Each structure stands twice: as C-alpha cells, then as structure tokens.
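Trainee: Input: one structure, supplied below.
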Amino acid sequence: MNVETTVEMQRSLIQWTVWEFQFPKQRQQQHNPEASTTSSEGKVLTLSVTVSPHRMQVKLLERMPLAAEGHLDVMPVYVLSEGAGPGAQVPTDLTRIPIPLIDISADHSNKLVKGKVICKGPLMSLAADDFVLKTVIQEEDSQPDASSQNQSINVVLFGAMAKHFNQAGSQGDVVVASGFTVAKSSTVDEDKLHPCNLLLSGDDACLYVSTCINLSLVYCIWKIYDEFITSHRFKPNNSIREVKNQRNLDKHFDIMSSSICGVYAVVTVHYKYIIETFVHISVFVPQVSRLTPLPDPISPLANKRNATLSTEITMVALKCKPRQHFTTARQQLIQHDSNSHNATAIHTTQQQITQHNSIGETETERVSRRTKVPKYTYVPLGDLKAGSVVNVYGVVVFFKQPFKSRGTDFCSSLKITDQSNQKIGCTIFCEKLEDHPKIYQIGDIVRMHRVKTQFFNNSITLVNTFGFAVVAFDGAVGGAVEPRTSSRSFHFDQEDRRTVEELRSWAASQTLLPPVCTIPLSAVQPKAYFDLTCQLLAKAPVDTTCTLLRVWDGTRCPRTLLNVMVERDVTEGPSSFSKAKEKLIANVLVYDNHMEFAGQLKPGDFLRIYNLRAIPGSSKVPGLTSSQSEEVDHLAFHLHGGTAYGRGIRVLPENSSEVQELKRALEAFPDNDEDALSDSELLEIWSTPPESLDGDTVECSSGSTLEETSRLAAGYHNIVPVKSSDGHLALLDLSAPFLFRGRKRFYGCKRCSEAAVREPSAEGVQVIDEKIVAE
DNA sequence: TTAGGGTTCG
Numbered sequence: 001m002n003v004e005t006t007v008e009m010q011r012s013l014i015q016w017t018v019w020e021f022q023f024p025k026q027r028q029q030q031h032n033p034e035a036s037t038t039s040s041e042g043k044v045l046t047l048s049v050t051v052s053p054h055r056m057q058v059k060l061l062e063r064m065p066l067a068a069e070g071h072l073d074v075m076p077v078y079v080l081s082e083g084a085g086p087g088a089q090v091p092t093d094l095t096r097i098p099i100p101l102i103d104i105s106a107d108h109s110n111k112l113v114k115g116k117v118i119c120k121g122p123l124m125s126l127a128a129d130d131f132v133l134k135t136v137i138q139e140e141d142s143q144p145d146a147s148s149q150n151q152s153i154n155v156v157l158f159g160a161m162a163k164h165f166n167q168a169g170s171q172g173d174v175v176v177a178s179g180f181t182v183a184k185s186s187t188v189d190e191d192k193l194h195p196c197n198l199l200l201s202g203d204d205a206c207l208y209v210s211t212c213i214n215l216s217l218v219y220c221i222w223k224i225y226d227e228f229i230t231s232h233r234f235k236p237n238n239s240i241r242e243v244k245n246q247r248n249l250d251k252h253f254d255i256m257s258s259s260i261c262g263v264y265a266v267v268t269v270h271y272k273y274i275i276e277t278f279v280h281i282s283v284f285v286p287q288v289s290r291l292t293p294l295p296d297p298i299s300p301l302a303n304k305r306n307a308t309l310s311t312e313i314t315m316v317a318l319k320c321k322p323r324q325h326f327t328t329a330r331q332q333l334i335q336h337d338s339n340s341h342n343a344t345a346i347h348t349t350q351q352q353i354t355q356h357n358s359i360g361e362t363e364t365e366r367v368s369r370r371t372k373v374p375k376y377t378y379v380p381l382g383d384l385k386a387g388s389v390v391n392v393y394g395v396v397v398f399f400k401q402p403f404k405s406r407g408t409d410f411c412s413s414l415k416i417t418d419q420s421n422q423k424i425g426c427t428i429f430c431e432k433l434e435d436h437p438k439i440y441q442i443g444d445i446v447r448m449h450r451v452k453t454q455f456f457n458n459s460i461t462l463v464n465t466f467g468f469a470v471v472a473f474d475g476a477v478g479g480a481v482e483p484r485t486s487s488r489s490f491h492f493d494q495e496d497r498r499t500v501e502e503l504r505s506w507a508a509s510q511t512l513l514p515p516v517c518t519i520p521l522s523a524v525q526p527k528a529y530f531d532l533t534c535q536l537l538a539k540a541p542v543d544t545t546c547t548l549l550r551v552w553d554g555t556r557c558p559r560t561l562l563n564v565m566v567e568r569d570v571t572e573g574p575s576s577f578s579k580a581k582e583k584l585i586a587n588v589l590v591y592d593n594h595m596e597f598a599g600q601l602k603p604g605d606f607l608r609i610y611n612l613r614a615i616p617g618s619s620k621v622p623g624l625t626s627s628q629s630e631e632v633d634h635l636a637f638h639l640h641g642g643t644a645y646g647r648g649i650r651v652l653p654e655n656s657s658e659v660q661e662l663k664r665a666l667e668a669f670p671d672n673d674e675d676a677l678s679d680s681e682l683l684e685i686w687s688t689p690p691e692s693l694d695g696d697t698v699e700c701s702s703g704s705t706l707e708e709t710s711r712l713a714a715g716y717h718n719i720v721p722v723k724s725s726d727g728h729l730a731l732l733d734l735s736a737p738f739l740f741r742g743r744k745r746f747y748g749c750k751r752c753s754e755a756a757v758r759e760p761s762a763e764g765v766q767v768i769d770e771k772i773v774a775e
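Right under this line is the structure:
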C-alpha cells in the first residue's frame, strides 16, 4: 500500500531550483516484518522548521538519517500522478467496457469501467469496521443527447474501500473500477439509472480514483513537519482528508506561500509517502545569489529539474486488499517517477524559465512594456541626500496605520530599510485613505515615487510630495509579487519584480525584523500586546469613549474571555451566537481615537487589530456583568487610545492571503452553521418566555405581515412572530409553535406542541398601535 | 498644515 502525492510547481516559483532527495526503502515489505530492520541507508535531509501560527521558516541544515517509524498505519490508498492517467495506471490486461454495455449475464472478470462520480452517498456502517457506500458514476465520454440511456450506474463499495472512498473520493472525481461483480439493481424504477449495479467487494475489487487534489507547497511542509518531523509517524489518513479540504488550488498556494517568511529551502512540491518503498521529497531553493547551491545533490536528476508548470491531477486508487495489484501499481509508480522529468512539463533551461516568467507577467506589465513608460530610478536608502525628490524601495520595519492628523489629512508613519541597512522614517499625508501605503505587517515591501528628503533630528526622513504614489508588496520569500495599490495605472516591470524579490531575500537573511506578534486567540497570553487577525461578528457602542467589537479567528482562547453586555438594540450584527461559537468570540474594547474607524466597520469585515492588549481580570470595564466582576481569571482585550506601537485597525481585503488563511480557519469551525437548530434548542427557545432567554435570544416583531417578518428575520437571530391582542402581544398562531431564524422557519407539531404565551416585558417593545396592526 | 514611533484610564 502506498500513498503518493504530487504537487505542481506553481508559476510564482518557477525560478526556483529543485533538488531531489530520495529515501529508498525506509521499510521493507509491510507483509514481511522480519525484513523491516534492514536498510535505512537512504540519504535524508534535515530541516529546521520553525512554525508560528502565521509564519513558517524552513531551513535546510544538513543531511542525516531519518527515523522512519510508524509507516504501517496507512490506509490502503494509492495516490498516483495524473501524468500517466487512469488508463496507464490500471493493469493493462483489462479492457474497458462502456457503462451502457454492462450486462448481468456477461463475464466482467477482465473488464474495467470508467466514469465520473456524479453522486456520492453517505457511508453506512453495517457492523464494526464494515461499511457500505453507494455512489453513482456516469460514463465519462457520454454524449449528452445520443443514447443517453443507462449512462449512469450505481456502484456499491463495501468494507474498507467504502470507508476510504468516503474520505478520499468526491463528486466530480473520475474513477476506474476493476474486479467488480454485476448485480441487478433493485432501485431502477426509482432512480432510473442503469438496471445493473456494480459491486466492489473482496480481494479483486479495485477502484482507482482520479481526483483534483493539488497540494500547496506549504501545506506539504506542514504535513512533513507535522507528521514526519514532530511525530515521526505518518497519518496519511488525515493527510488525505485534509488535503481534500484544500481544493482552492492556486489561491491556496499563494496564500500559504506568501505567509512564509524567511524560507531558505522549501520542502516538497513533489513528495510521496510510499510505504514500504521510499519517501521522496523534493526541495526547492530560491535562486538568489545570496544562497549558495547545496553541495552535490543526492539525486542525479537534481540539477535537471527546475519546475513543472502543468496542472496535475492526482490519482488515488483504493483497494480492499492491495496485495495482488500492489506490485504492479508500485512498479508503475516507480517507473512513472523515473520518467516524470520527461513526461511532465519540466523545464530544464534558464531560457525556458525566462519564457515562463514573461508569460507570468501581469497585464500592467505588458501594457507598460508596450507604452514605454519612462524608467524610474530608485535611490538606495544609504545614498539619500537632504533636499531632493526621489523614488525609493524599502522593507517596512515599523508602521502605523493611517490616522487622522490635526490638519486635513490622514497621516501614515513608516520606517523602512534596505540593503544599505539605513533605517529611514517616512511620513505620508494624504487626504484619502486609499492613497496611503497598504501595509499589513512588518516585512512588507514598499515602493514610493516622489518623496522628498529632509533632515529632522540629524537624520534623513522622507515625506510625500506632489505626484506621490506608493505600492506595497507582501514580503514573503517565494510568494506572488502582487502590487497592492489603488492606483489605476502604475509602472511595474521585471526589474521591479526582481527588486522586490531581492529585498525579500535580503530581509529574510537579516535579523532586522522583530519577532512575529500576530498570534491567534488560542495563543494569547495575559498582559501581552499582539496583532489579531480576525473577523468582526458584531459591534456595539459601549459609552462615549469605547466601542465593543465582537470578533473571532476560529481558535479558542484557553482563558475565559471577558463578557461584555450591551443593549441589544444598539448592536450591529447578531446580538447572540450559538453557545459553541460564543466560546470563540473575543470582546475587544476599542477606545478613543480608534472609535471613529471602528464606527465604519461592518460585521463580516476581516480585520487586523494592531497592538491589541490582553488584560487579565479587570473588573472596571463598562457594561461588565456583575457575576463576572468577581472573576479574576478572564481576559479583556483593549485597543487603547493613541497610535503608539502602530496601534490601530485595518480592514484586510477579501483577496489577501491573510483573509484566505483566516477563512479556512473559520470554515473549519464545525458549528458554523447557525441555521441548524436542534429540537431541544427549538424547544428551549419556544417554551421559554422571550424576556428570560438570556435577555437576547428572541426578537419580537409586532403587527407585521409574513413577508415583512421574513425580511426582518433575515437580520435577527430568532424571531417569534406575534400579533396584537387587546394591546398585548400574542402569538400569531397558537395552534403550533413556529420560529423564524434567519431565512429558515421552524414549525412545531400541532399535536405534540404546547405553546404558551407569556407577555414580554414592556422594555424595548413598542406599545402596539391597533391602527398600525390593522394596516 | 498635519508628524516627527516607543504601550497601558478604560
């Protein structure tokens, strides 16, 4: 059994050089345990991987033997690369039979069927460790109109195969089945599918799954870090499942790679877990002059490989009992691997790389090439002289988000540096926020046009002047070079790209950057200052100096978080969340000058809050509940007034790598679907008078139509429609309980529900005007 | 014009 995963080399990394390392025979045959002690002669590289929640640093140190333990707990999955395609992977002695031609009376012992998964049923458990799963596959090459009969067939998987397919397969995958039996379909009248079913069970049954898994570079590092280095145990079961959650291919890659900082060598892109044979890891090292190439790469292929640009599809083959097909598959796998530098799109010359670089250029670059924009010159920061107007590049070592000055403009404050090691302060005044540099974190790179140099306190500073323009870039080595600017036209060419990349590499080699202070809620320490990347869920004014922001980042702070009660009708966004979600929500109190900016935020916005303070056990917070004032072990989050240490808030754009990363974390939260309302919850809400539901669970609407109520319901957590009855509130329909939650409506059963109406407290509820009700 | 980094009232 083996697992092999292939990751494509992405465009933004094509100038990287690949070294390959192969670890032959870490373990001998799984079924031959005596042999497993032999041979760990495979040469291995050692990695130093430093991982913090938002950054990762991988350093190539030296080579040493790698303890390869725990290889045997692998689920029977083959992941084969697309290069060969399904046809090449399956045994050649089998012939393909089109789905419509499958017939119960024919002999299928040497046949295979190929089709696309159009429906995947749930995994059903028959007994402990015995499963069944039904899926529907459709003849892949079928014409939509011509002879469309019986193009789709039920495939029933049994045992471990069902379980593995449940994890590894999904709708849209292309599968090849062999070793199946054919049975009469009992559901043909209902599903109108093929009159036969394919049954995949027993030793001969085999299913090859071709899926569009595409691992990100960094994801692989994570896996290697996680499974290989930390625990020395493979958990391919997990990796397959998790990988399949990472289908957002290019984006995912960009995000992850741009969140790397200071990468010296990146492992993977083409790695294989091959149990019993070898582990195979490729190393990509950026071609920057500072880095000397690794001495004598182990693999003879090493210098030949540079990059592969093609989209690859990963093949997964599932087998109940792999023994019989295993040898074939493995041999093919190895063969495929040794040929892959021919078979896949690998570029071996600098010329080809250059070609791809130019293919990779942006529209702007092409435009600027054609229209001959005048060339900019950039003055190194060490060569600045007072009294001139210059263009500069620099790495951000300090920044303040734009803040309101006493004059007419917003003011940004930066400190930048470059290879000259000069640190230069910059002050930028612009009326419009969008004209300010879009700096998200220290290490970002800025290019500024038309800044004037002036002396202040014995050093040169930069201030923007007429015609000022700024573009910012992420500072992560290997990440996409995407200019952040609101400018419609700006010059950007290959030289700019190179400058950015050189600055990135240089910065990565320096220790000039302060340690990362962006941490998730789960890692917050009392008294710490930190930057928080989060999503705003709701906000509410607390008093004249303070606004409450309710935020989350998908992680849970191990400490009790401060609970701040505010009046419901001043809350923007939902006034309450599910219990599980509430546990993840941090209440951030934003003071003074930050209130104005906070006022413009909308629930749903993705934010980075800079220099947030985690304060333990305060009891003097406005709105604090009396029960909590006793508590000492809670954390409050304060964004204090002022802009010291870059204190402030920034809305992160939806397409930024930071937000993409955050979104993945939030999507992983299992209870994200607030629409799901269990019977007991419904009962709880229903049978409890509104005013006693923790004060904020139920909204009452009065005298509205169904349509109005529905519209209203979209904006509230729960709505129980009521009507006016003698000036009091009454349920619209007493025969059955119903509850509106967002777009969903929940109805109780007439027979078994007992609806009780209690009069809500008058506070916050309008006195009902009979005329309005009548209207 | 404005700011010219350097924590904390809450």
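Residues in the first sequence are numbered from 1 upward in steps of one, following UniProt numbering.
Backbone N, C-alpha and C fix where the C-beta goes; we use that ideal spot for every residue, glycine too.
Just so it is clear, the structure is predicted and the values come from calculations on it, not from any experiment.
Between the C-alpha atoms of Gln419 and Asp496, what's the straight-line distance to the nearest angstrom?
Mentor: Residue 419 sits at position 419 when you count from the first residue of the first sequence. Residue 496 sits at position 496 when you count from the first residue of the first sequence. Their Cα atoms are separated by approximately 16 Å.
Trainee: Count the CB pairs spanning the segment 550 to 557 and the segment 477 to 484 that are closer than 8 Å, and state whether there are at least three.
Mentor: No, the segment 550 to 557 is not in contact with the segment 477 to 484.
Trainee: Based on DSSP bridge pairs, tell me the residues matched to Phe455.
Mentor: Taking the first sequence and counting its residues from 1, the one referred to as residue 455 is at position 455. Answer is Ile460, bridged to Phe455.
Trainee: DSSP three-state call for Met124: helix, strand or coil?
Mentor: Sequence index remark: in the first sequence, residue 124 carries index 124 (1-based). Of the three classes helix, strand and coil, the one that applies to Met124 here is strand, per DSSP.
Trainee: Do Ile118 and Val136 come within 7 Å of each other at the CB atom, strictly closer than that value?
Mentor: Walking along the first sequence from the start, residue 136 turns up at place 136. Walking along the first sequence from the start, residue 118 turns up at place 118. In contact: Val136 and Ile118 (Cβ atoms closer than 7 Å).
Trainee: Residues in its own chain within less than 8 Å of Asp103 by CB, not counting five upstream and five downstream?
Mentor: Counting from one through the first sequence, the residue named residue 103 turns up at place 103. Cβ within range, chain order: Val182, Cys196.
Trainee: Would you mind stating whether Phe637 and Ala668 have Cβ atoms separated by less than 7 Å?
Mentor: Here residue 637 refers to the residue found at position 637 when the first sequence is read from its first residue. Here residue 668 refers to the residue found at position 668 when the first sequence is read from its first residue. Going by C-beta atoms, Phe637 is not nearer than 7 Å to Ala668.
Trainee: Could you tell me the alpha carbon to alpha carbon distance between Asp204 and Ala665, rounded to whole angstroms?
Mentor: What you label residue 204 is simply residue 204 of the first sequence in a count that begins at 1. What you label residue 665 is simply residue 665 of the first sequence in a count that begins at 1. Computed Cα separation, rounded: 41 Å.
Trainee: How big is the Cα-Cα spacing for Asn655 and Phe398?
Mentor: Position 655 of the first sequence, counting from 1, holds the residue named residue 655. Position 398 of the first sequence, counting from 1, holds the residue named residue 398. Spanning the two alpha carbons is a distance of roughly 24 Å.
Trainee: Three Cβ pairs or more, each shorter than 8 Å: is that satisfied between the segment 402 to 411 and the segment 374 to 391?
Mentor: The segment 402 to 411 vs the segment 374 to 391: no contact.
Trainee: Please report how far the alpha carbon of Cys546 lies from the alpha carbon of Ser412, in whole angstroms.
Mentor: As a working mapping, residue 546 is identified with position 546 in the first sequence. As a working mapping, residue 412 is identified with position 412 in the first sequence. Taking the straight line joining both Cα atoms gives about 23 Å.
Trainee: Kindly indicate the opening and closing residues of the alpha helix (DSSP H) around Ser505.
Mentor: As a first step, residue 505 is located in the first sequence; it is residue number 505 there, counting from the start. Note, Ser505: alpha helix (DSSP H), 494 to 509.
Trainee: Considering only the alpha carbon of each residue, which of Tyr645, Met565, Ile153, Leu157 lies closest to Asp543?
Mentor: Numbered from 1 along the first sequence, position 543 holds the residue referred to as residue 543. The shortest Cα separation from Asp543 among Tyr645, Met565, Ile153, Leu157 belongs to Met565.
Trainee: Quick test of your reading: Val395 and Ala507, contact by CB under 8 Å. State the CB separation rounded to the nearest angstrom.
Mentor: By one-based count along the first sequence, residue 395 stands at place 395. By one-based count along the first sequence, residue 507 stands at place 507. 5 Å between Cβ atoms; contact.
Trainee: Can you tell me where the alpha helix (DSSP H) holding Asp191 begins and where it ends?
Mentor: The count along the first sequence starts at 1 and reaches residue 191 at position 191. From DSSP, the alpha helix (DSSP H) with Asp191 extends over 188 to 191.
Trainee: Alpha carbon to alpha carbon, what distance is there between Gln525 and Arg488?
Mentor: Within the first sequence, numbered from 1, the residue matching residue 488 stands at position 488. Within the first sequence, numbered from 1, the residue matching residue 525 stands at position 525. Arg488 and Gln525: Cα-Cα distance of roughly 43 Å.
Trainee: Report the option in Gln149, Leu561, Cys557, Thr571 whose CA atom is closest to the CA atom of Ala538.
Mentor: Locating residue 538 in the first sequence gives position 538, counting from the first residue. Of the listed residues, the one whose Cα sits closest to Ala538 is Thr571.
Trainee: Since Phe180 and Leu200 should fall inside the 8 Å C-beta cutoff, what is the C-beta to C-beta distance between them, to a whole number of angstroms?
Mentor: Taking the first sequence and counting its residues from 1, the one referred to as residue 180 is at position 180. Taking the first sequence and counting its residues from 1, the one referred to as residue 200 is at position 200. Yes, they are in contact, since the Cβ atoms of Phe180 and Leu200 sit about 5 Å apart, within 8 Å.
Trainee: Verify whether the separation of the beta carbon atoms of Gly425 and Lys432 is less than 7 Å.
Mentor: As a first step, residue 425 is located in the first sequence; it is residue number 425 there, counting from the start. As a first step, residue 432 is located in the first sequence; it is residue number 432 there, counting from the start. No, the Cβ-Cβ distance between Gly425 and Lys432 is not below 7 Å.
Trainee: Between Val155 and the rest of its own chain, which residues show a CB-CB distance below 6 Å, the 5 nearest in sequence each way excluded?
Mentor: Against the first sequence, residue 155 aligns to sequence position 155. Cβ neighbours of Val155 beyond the five flanking positions: Thr135, Ile137, Leu198.
Trainee: Which residues in the same chain have their Cβ closer than 7 Å to the Cβ of Ala162, if we skip the five residues on either side of it in sequence?
Mentor: Residue mapping note: residue 162 aligns to position 162 of the first sequence, counting from 1. Closer than 7 Å at the Cβ level, and outside the excluded window around Ala162, lie Leu123, Phe131, Val132, Leu133.
Trainee: Does Val570 come out as helix, strand or coil in the three-state DSSP assignment?
Mentor: The residue you call residue 570 lines up with position 570 of the first sequence. Of the three classes helix, strand and coil, the one that applies to Val570 here is helix, per DSSP.
Trainee: Considering Leu199, what are the terminal residues of the alpha helix (DSSP H) in which it resides?
Mentor: Residue numbering aside, residue 199 sits at position 199 when the first sequence is read from its first letter. No alpha helix (DSSP H) contains Leu199, which is instead part of the beta strand (DSSP E) from 196 to 200.
Trainee: From Val659 to Thr187, what does the alpha carbon distance come to, in whole angstroms?
Mentor: As a working mapping, residue 659 is identified with position 659 in the first sequence. As a working mapping, residue 187 is identified with position 187 in the first sequence. Answer to the nearest angstrom: the Cα atoms are 46 Å apart.
Trainee: Can you tell me which residues form a DSSP beta bridge with His449?
Mentor: Against the first sequence, residue 449 aligns to sequence position 449. His449 is bridged to Ala469.
Trainee: Measuring CA to CA, which of Arg647, Leu157, Pro98 is closest to Ser125?
Mentor: Translated into the one-based positions of the first sequence, residue 125 becomes position 125. Looking at the Cα atoms, Leu157 is the closest of the given residues.
Trainee: Closest to Pro574 by C-alpha separation, out of Ala540, Ala598, Thr560, Tyr591, would be which residue?
Mentor: Here residue 574 refers to the residue found at position 574 when the first sequence is read from its first residue. Closest by alpha carbon: Ala540.
Trainee: What did DSSP end up calling Leu652 once you bin it into helix, strand or coil?
Mentor: The residue you call residue 652 lines up with position 652 of the first sequence. In the structure shown, Leu652 sits in coil (DSSP, three-state: anything other than H, G, I, E or B).
Trainee: Pull the bridge partners of Arg488 from the DSSP assignment, please.
Mentor: Your numbering for residue 488 matches position 488 in the first sequence. Beta-bridge pairing links Arg488 to no other residue.
Trainee: Does the distance from the CB of Leu548 to the CB of Leu536 come in under 7 Å?
Mentor: As a working mapping, residue 548 is identified with position 548 in the first sequence. As a working mapping, residue 536 is identified with position 536 in the first sequence. No, the pair does not count as a contact, with Cβ atoms beyond the cut-off.
Trainee: Between Glu434 and the rest of its own chain, which residues show a CB-CB distance below 8 Å, the 5 nearest in sequence each way excluded?
Mentor: If you number the first sequence from 1, residue 434 lands on position 434. Correct list, in chain order: Ser486.
Trainee: Use the C-beta contact count for Lys400: other C-beta atoms within 10 angstroms, 16 or more gives buried, fewer gives exposed.
Mentor: In the first sequence, counting from the first residue as 1, residue 400 sits at position 400. By the 10 Å Cβ count, Lys400 comes out buried.
Trainee: Which residues in the same chain have their Cβ closer than 6 Å to the Cβ of Leu384, if we skip the five residues on either side of it in sequence?
Mentor: Mapped onto the first sequence, residue 384 falls at position 384. Same-chain partners within the cutoff: Thr453, Ile460.
Trainee: Would DSSP call Val182 helix, strand or coil?
Mentor: On the first sequence, position 182 is the one that residue 182 refers to. Note: Val182 maps to strand in three-state DSSP.
Trainee: Considering Leu532, what are the terminal residues of the alpha helix (DSSP H) in which it resides?
Mentor: For the purposes of this step, residue 532 is identified with residue 532 of the first sequence, where counting begins at 1. It is not in any alpha helix (DSSP H) - Leu532 instead sits in the beta strand (DSSP E) that spans 529 to 543.
Trainee: Just to confirm before moving on: does the CB-CB distance between Asn166 and Pro100 stay below 7 Å?
Mentor: Walking along the first sequence from the start, residue 166 turns up at place 166. Walking along the first sequence from the start, residue 100 turns up at place 100. For Asn166 and Pro100, no; Cβs fall outside 7 Å.
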